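Residue numbers (mature numbering (1 follows the signal peptide of the UniProt record, and there is no 0)): -16 to -1, 1 to 1030.
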């Protein structure tokens, strides 16, 4: 089965890492001066509201409007460290900022660093053309291995370090790391992609130089690259002029903006004596088709075990270099693989052994061993990945989870292993014969359906059914029911077209289940009951079977096929709208087939992901190539493209078919190289193509306009609906959640925020707009406002200088009602006498421009410092009695207040300090010396939170990246906010969050911890100041409150 974890939200993605996109115009960057701060934004007056001009309102969100005349070719692409970036992959629509980074000159900016066993941890830089820089460690007689990273990486990235160390563990060889970070670390993926030819030529010239001046033999040279680096390695092989490379290894070479028809600009089979390609995320981030002499597809090459719900494909994409590094170290056995007959067998999970087995990767390579063709193997879910022997393609392993959308676009996490169903989830009883509901719509009752009961002739005769009119059935898919969107859209289309009897088949009792395999297993029974109902209609009304057609979407397409099968293929037409792929294969005896009706048409819109990829009908249509659809933007889960199938069919019914070109074969669809074969035919339509001789595979292009922008709803997370289309111009945007878990599409380009006469950012002056609200046990509910420039407001309040003072500072898009303010405030007041000051800077944080909020942390921090000065002077309070606690952006605000206090405050706690647009070396970044004791708690490190240690003591509960109980937290929202729960509980907990001190942050990253020094408590009241707590700490928590395990 083709089971692979789906990409993008989230979103991962859709993730709120700096997801690279674009904005409009130039930005005025706010400075830290007080007074009016102008961050312009595009607004258009609509009634009383100011709505951003290039947006349309969707619920609470402002989603980029596609009706601006632009083409949206956006894709989530990860760098080598797994960080997702949202990029425009249209090389003809880069806008005005196609090179936002400093100019990159491959000849001068590419760095070559030599590592050997004598200097494995301190590389030696060699200057191209300068033999004097070869240094004492270079030995031209040794084997030499080059390693090339991909997009947004540099010489120190994981792929380089892991493979370099693997080679040096194996043998004393020359390992040269190619660092082209000056061209790769660019928010515009297209620009980086276009640098690879220049980088490849530079590396080729360097190898020629080593051959001429350093005694290097070409036969001793391997070049290995990951993602964009995989193609760069191929370019190197093409461009060397003094010899031919021994081996090129491309590790999941990048797919975006590369074509099978352009071998001159990608890795290809002729680039070295032996070219090996390892595919681990084929069809998503990595190239899917075979392009080497030997192409290896571990675990099918699309998703990888152990990667869980790998929405964006980042885990699977990175597995390629992890597999390869392990293969280099392994002297014996290694990744043994089966040679399959052809690539189709890989696609169909049906590998027929055809020739000798071979080893994937390894040192030395397979050069000279006759290894060629396509190979399949299985791996373990975690290191060590290699198995002693190859395994045949088989049923899903335990716990194969996948995000599958219902017909309304809501995503559901489903276990695809029918042998490992969660027995703890009660499964509703479903009997197709009694639980399937048939609702009749006609022009006489298009909005008030009539239920016709199978076997009840009275219900039929009392209805508006007219045997003189054609009859159409609509069958929904998983987690839908009779009133789902697919039914309503198609019902209206047929009734707009003419007089029809339209039945919606509601099998929701069987479809609406958390266990997808149960629903999948019911398509035969549903098809059977639909067939029985058709017989019931015929016997009572005399309709002809040739007047009946069925349209089914996703699982419903297979149910329609089964209905046709039980009708012995005598129905007029079956439309299979993106028939479901998960748990179906060509060998499935209950899938849609070309013999299920007199004419069977399959419409493929998300082929290979949610929809079946291979042709299933007499005629199979692949609009826009059949995998993704224009207007769906960053459709990381495929939900939008999957739904387009029924939107296309509905439009074709009303307005006529979509003219399509007949191609020579399905392979031509895959390669995007359709040779016209025969007459063009319309896709869909009413009447259908029945009787016209339409057969074969067809392709066509559709427009973006007039199509509904699909929404992605992560109902499991309770996220607000998000439009799936990306911004239509080329500027950096990111999905960033507010404190309530709502995702917002935000401009994160500090150099390019829009401005103009009608594009006004609400003014924010920290000196007047930051509000300080004081709570004590005397007023635990109703705050007293105190002001930094009014000492009387402090002295006249309930502030008591004898009591400890705690400032609580919220993050982006929050304000007075931030959950942090209430939950933590209540815990403090519960345990004792405190002055709790909630800092409300919502006037500056509640903006669609994240960059505006991010750039205000310094100014807000300074105002908090002034408030502290006023408190000290008005009441005599001691700075040694004042702690600041801030979440996300608020953590950096707290740190800036501490900086202005010259580090004199008692404690600053940073709760998952914000990651987007912060990096080491920035003046306003949270720092260890901002207070006498600083503590950072990381719960979503590397996504929404900063990943590197920042404080005296750095705590990483549950590894610091994701949190137990945060199911399917693709955007990181739950984990990012979980830190507030942890800290609030720590204030009053008698158990405490006991933590182990680890030797280094690298151990945290590697999911191991060597106890190194005394344990410590995370959080708590009082803090750890004065207890010698420093370093990095690991702990585990419960998945629900109470979280502390002691």
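Backbone N, C-alpha and C fix where the C-beta goes; we use that ideal spot for every residue, glycine too.
What you are looking at is a predicted structure, and each value in this text was computed from that prediction instead of being measured.
* Go ahead and label residue 113 buried or exposed: buried means 16 or more other beta carbons lie within 10 angstroms of its beta carbon, across all protein chains shown. => For this step, residue 113 is matched to residue 129 along the chain shown. By the neighbour-count rule (16 or more Cβ atoms within 10 Å), residue 113 is not buried but exposed.
* Asked: With 16 as the cutoff for other CB atoms within 10 Å, does residue 947 come out buried or exposed?
  -> Numbered from 1 along the chain shown, position 963 holds the residue referred to as residue 947. Buried, since its Cβ has 16 or more Cβ neighbours within 10 Å.
* If you drop the 5 nearest sequence neighbours on each side, which residues of the same chain put their C-beta closer than 6 Å to that of residue 822? -> Along the chain shown, one-based indexing puts residue 822 at 838. Once the five neighbours on either side are set aside, the close Cβ partners of residue 822 are 757, 792, 805.
* Contact check, residue 634 vs residue 474 under 8 Å by CB: the rounded distance? -> Numbered from its first residue, the chain shown carries residue 634 at position 650. Numbered from its first residue, the chain shown carries residue 474 at position 490. Their Cβ separation, rounded to whole angstroms, is 5 Å, which keeps residue 634 and residue 474 in contact under 8 Å.
* Once you ignore the five residues that flank residue 258 on each side, which residues in its own chain have a CB closer than 8 Å to its CB? -> Working through the chain shown from its first residue, we reach residue 258 at position 274. Hits under 8 Å: 230, 231, 232, 277, 278, 349, 350, 351, 352, 355.
* Asked: How do the segment 188 to 201 and the segment 234 to 247 stand: do at least 3 beta-carbon pairs fall below 8 Å, yes or no?
  -> no
* Apply the 10 Å Cβ neighbour rule to residue 552 and answer buried if 16 or more other Cβ atoms are within range, or exposed otherwise. => Locating residue 552 in the chain shown gives position 568, where the first residue counts as 1. By the neighbour-count rule (16 or more Cβ atoms within 10 Å), residue 552 is not buried but exposed.
* Asked: From this set, 900, 790, 860, which residue's C-alpha is nearest residue 834's C-alpha?
  -> Translated into positions along the chain shown, residue 834 becomes position 850. Among 900, 790, 860, the Cα nearest to that of residue 834 belongs to 900.
* **Three-way DSSP call (helix, strand, coil) for residue 937 in this model** => Taking the chain shown and counting its residues from 1, one reaches residue 937 at position 953. Strand, per DSSP.
* DSSP three-state assignment for residue 302, whether helix, strand or coil -> Working through the chain shown from its first residue, we reach residue 302 at position 318. The answer is helix: DSSP assigns residue 302 an H, G or I state.
* **C-beta atoms of residue 872 and residue 795 nearer than 7 Å** => The sequence position of residue 872 within the chain shown is 888, counting from 1. The sequence position of residue 795 within the chain shown is 811, counting from 1. Yes. Within cutoff.
* **Residues near residue 604 by beta carbon distance below 6 Å, same chain, minus five either side** => The count along the chain shown starts at 1 and reaches residue 604 at position 620. Here the set comprises 586, 681.
* Cβ neighbours of residue 918 in the same chain (closer than 6 Å, five flanking residues each side left out) -> Here residue 918 refers to the residue found at position 934 of the chain shown. 892, 912, 935, 936, listed in sequence order.
* Chain-order list of residues whose beta-carbon lies under 6 Å from that of residue 256 (same chain, five-residue window excluded) -> Position 272 of the chain shown, counted from the first residue, corresponds to residue 256. The residues are 221, 229, 231, 232.
* To do: Can you grab the Cα-Cα spacing for the pair residue 943 / residue 1019, in whole Å?
  => Here residue 943 refers to the residue found at position 959 of the chain shown. Here residue 1019 refers to the residue found at position 1035 of the chain shown. The straight-line gap from Cα to Cα measures roughly 8 Å.
* For residue 345, does the count of other Cβ atoms within 10 angstroms reach 16, so buried, or fall short, so exposed? -> The sequence position of residue 345 within the chain shown is 361, counting from 1. Flag for residue 345 reads buried.
* Asked: Pick from 509, 563, 525, 521: whose alpha carbon is nearest that of residue 535?
  -> What you label residue 535 is simply residue 551 of the chain shown in a count that begins at 1. Of the candidates 509, 563, 525, 521, the one whose C-alpha sits nearest the C-alpha of residue 535 is 563.
* Asked: In its own chain, which residues sit with a C-beta less than 8 Å from the C-beta of residue 665, not counting the 5 before and 5 after it?
  -> On the chain shown, position 681 is the one that residue 665 refers to. Excluding positions up to five away in sequence, the list reads 603, 641, 643, 644, 646, 673, 676, 678, 682.
* If you run the structure through DSSP and keep just helix, strand and coil, what is residue 838? -> Walking along the chain shown from the start, residue 838 turns up at place 854. Helix, per DSSP.
* Asked: How close, in whole Å, do the beta carbons of residue 506 and residue 417 come, if the pair is a contact with beta carbons under 8 Å?
  -> Within the chain shown, the letter at position 522 stands for residue 506. Within the chain shown, the letter at position 433 stands for residue 417. Not quite, the Cβ-Cβ distance comes to about 12 Å (not below 8 Å), so this is no contact.
* Asked: Closest by CA to residue 927, which one among 902, 915, 906?
  -> Your numbering for residue 927 matches position 943 in the chain shown. Checking every option, the nearest Cα to that of residue 927 belongs to 902.
* **For residue 652 and residue 341, the rounded distance between their alpha carbons** => Along the chain shown, one-based indexing puts residue 341 at 357. Along the chain shown, one-based indexing puts residue 652 at 668. Approximately 29 Å, taken between the alpha carbons.
* Going by alpha carbons, who is nearest to residue 915 out of 1009, 985, 607? -> Locating residue 915 in the chain shown gives position 931, where the first residue counts as 1. Answer by Cα proximity: 1009.
* Using the Cα positions of residue 163 and residue 896, report the straight-line distance between them to the nearest angstrom. => Residue 163 sits at position 179 when you count from the first residue of the chain shown. Residue 896 sits at position 912 when you count from the first residue of the chain shown. Cα to Cα, the separation comes out at about 31 Å.
* To do: State the DSSP-derived secondary structure class of residue 962, mapped to helix, strand or coil.
  => Walking along the chain shown from the start, residue 962 turns up at place 978. Correct three-state label for residue 962: helix.
* Within 7 Å, strictly: CB atoms of residue 818 and residue 788 -> Here residue 818 refers to the residue found at position 834 of the chain shown. Here residue 788 refers to the residue found at position 804 of the chain shown. Contact flag set, yes.
* Asked: residue 815: which of 858, 855, 764 sits nearest, CA to CA?
  -> Position 831 of the chain shown holds residue 815. Residue 815 has its Cα closest to that of 764, out of 858, 855, 764.
* Helix, strand or coil at residue 146 [DSSP, three-state] -> For the purposes of this step, residue 146 is taken as the residue at position 162 of the chain shown. Residue 146 falls in the helix class under three-state DSSP.
* Three-state secondary structure (DSSP) of residue 440 -> Working through the chain shown from its first residue, we reach residue 440 at position 456. Three-state DSSP puts residue 440 in coil, outside helix and strand.
* Count the C-beta pairs between the segment 852 to 867 and the segment 827 to 842 that are closer than 8 Å, then say yes if the count reaches three, no if not. => no
* **CB contact below 7 Å: residue 113 versus chain D** => No chain D appears in the structure shown, which is made up of a single protein chain.
* Asked: Mapping DSSP to helix, strand and coil, what is residue 158?
  -> Counting from 1 along the chain shown, the entry for residue 158 is found at position 174. Here residue 158 sits in strand by DSSP.
* Do residue 811 and residue 968 have their CB atoms nearer than 7 Å? -> Position 827 of the chain shown, counting from 1, holds the residue named residue 811. Position 984 of the chain shown, counting from 1, holds the residue named residue 968. Their beta carbons are under 7 Å apart, which means residue 811 touches residue 968 by this criterion.
* Are there 16 or more other CB atoms within 10 angstroms of the CB of residue 938, so buried, or fewer, so exposed? -> Numbered from its first residue, the chain shown carries residue 938 at position 954. Classification for residue 938: buried.
* Using the C-alpha atoms, what's the distance from residue 933 back to residue 799? -> Start at 1 with the first residue of the chain shown, and residue 799 comes out as number 815. Start at 1 with the first residue of the chain shown, and residue 933 comes out as number 949. Whole-angstrom Cα-Cα distance: 27 Å.
* Does DSSP classify residue 543 as helix, strand or coil? -> In the chain shown, the residue the question calls residue 543 occupies position 559. Helix.
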